[in-house]
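Below: the structure, in structure tokens.
Numbering (the UniProt record's numbering), first residue to last: 1 to 304.
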């Protein structure tokens, strides 16, 4: 949707350029995932710096002397550090929180005064199942809730506000995947269950929508002839064109799934009344295309 929006506003009409941009945006979701895992890793390691600083105080308190570096050897973190794919991706994406070192310090500063961290330090259970809880807490209650961290991610990833929901799902999947005491059995989350299939889908959807732009525009124009053109939001038009592309060209996707998906997208990204408008127009276009025999569904697409 965002790629097609950029295509419509630009004088550059080379579809290949937009395909590259689209795939790059998808890749950035995985990059954002690795940056987040690395932030958890860096926070765990920061306990060493914190402990050293406290121990070197001129007059360290009993609390300073008793501080533990347990978090640095957290079972989840240790398993992550031994994950070859994680190590390779950190190198590939050149992940380094040194560009904003205060972020790591900020996370730990909030963590160390919490009841959850105090309980973690006292807990003698070092199993990965038990030790994941404090890492989940860091992610959910500190990383996702701190404005400064939000800003840091937004500066590096332009689509952070949209993609962070996918990120949360990937991190949740990682916590689920990392359940074995044997690090070799713990796997990172995949962006999609089948990237080869999903990549083909997004490339085809982009190409069909661009290639048939004029035809789909005419189909919409017929059903909106009583509307002034400037009253129809560009985003609504793009969503309807994408929906038409799916209805016609993707036989395994059920009609209701397609229409409902674009209605939901309009609720999130367009105006308040867009969903009912898009629903009404798509229903009419579908009826015409179906009468013309242009809607051919098979397999899963036969499901209503």
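For each residue, glycine too, the CB sits at the ideal point set by N, CA and C.
What you are looking at is a predicted structure, and each value in this text was computed from that prediction instead of being measured.
Notebook entry, point to check: If you drop the 5 nearest sequence neighbours on each side, which residues of the same chain put their C-beta closer than 8 Å to that of residue 154?
Noted result: For the purposes of this step, residue 154 is identified with residue 154 of the chain shown, where counting begins at 1. Excluding sequence neighbours, residue 154 sits near 160 and 161.
Next item on the list: Within the same chain, show all residues whose beta-carbon is closer than 8 Å to that of residue 127, passing over the 5 residues directly before and after it, in chain order.
Entry: Locating residue 127 in the chain shown gives position 127, counting from the first residue. Result list for residue 127: 75 and 181, in chain order.
Check: For residue 109 versus residue 71, is the C-beta distance shorter than 8 Å?
Finding: To locate residue 109, count along the chain shown from 1; it is residue 109. To locate residue 71, count along the chain shown from 1; it is residue 71. Their beta carbons are not under 8 Å apart, which means residue 109 does not touch residue 71 by this criterion.
Next item on the list: List the whole-angstrom C-beta distance separating residue 178 from residue 136, where the pair is believed to meet the contact cut-off of C-beta under 8 Å.
Entry: Position 178 of the chain shown holds residue 178. Position 136 of the chain shown holds residue 136. Incorrect: roughly 11 Å between the Cβ atoms, too far for contact.
Checklist line | Backbone CA spacing between residue 140 and residue 257 [nearest angstrom] | finding: In the chain shown, the residue the question calls residue 140 occupies position 140. In the chain shown, the residue the question calls residue 257 occupies position 257. Whole-angstrom Cα-Cα distance: 31 Å.
Check: Span of the alpha helix (DSSP H) holding residue 300?
Finding: Sequence index remark: in the chain shown, residue 300 carries index 300 (1-based). Boundaries cannot be given for residue 300, as no alpha helix (DSSP H) includes it and DSSP labels it neither H nor E.
Next item on the list: Give the DSSP-derived three-state secondary structure of residue 178 in the structure shown.
Entry: Locating residue 178 in the chain shown gives position 178, counting from the first residue. DSSP places residue 178 in coil when its eight states are reduced to three.
Notebook entry, point to check: Grouping DSSP H, G and I as helix and E and B as strand, with all else coil, what is residue 127?
Noted result: What you label residue 127 is simply residue 127 of the chain shown in a count that begins at 1. The answer is coil: DSSP assigns residue 127 none of H, G, I, E or B.
Item checked: Segment contact, 8 Å Cβ cut-off, at least three pairs: the segment 274-282 with the segment 45-52 -> With a cut-off of 8 Å, the segment 45-52 and the segment 274-282 do not count as touching, because too few Cβ pairs lie within range.
Next item on the list: Sort 205, 278 and 220 by Cα distance to residue 245 and report the nearest one.
Entry: Start at 1 with the first residue of the chain shown, and residue 245 comes out as number 245. Considering only 205, 278 and 220, the residue with the shortest C-alpha distance to residue 245 is 205.
Next item on the list: May I ask you to verify whether the segment 15-24 touches the segment 115-124, counting CB pairs closer than 8 Å and requiring at least 3?
Entry: With the cut-off at 8 Å, the segment 15-24 and the segment 115-124 do not touch.
Notebook entry, point to check: Would you call residue 68 buried or exposed, if buried means 16 or more other Cβ atoms sit within 10 Å of its Cβ?
Noted result: In the chain shown, counting from the first residue as 1, residue 68 sits at position 68. Counting Cβ neighbours within 10 Å, residue 68 comes out exposed, since fewer than 16 surround it.
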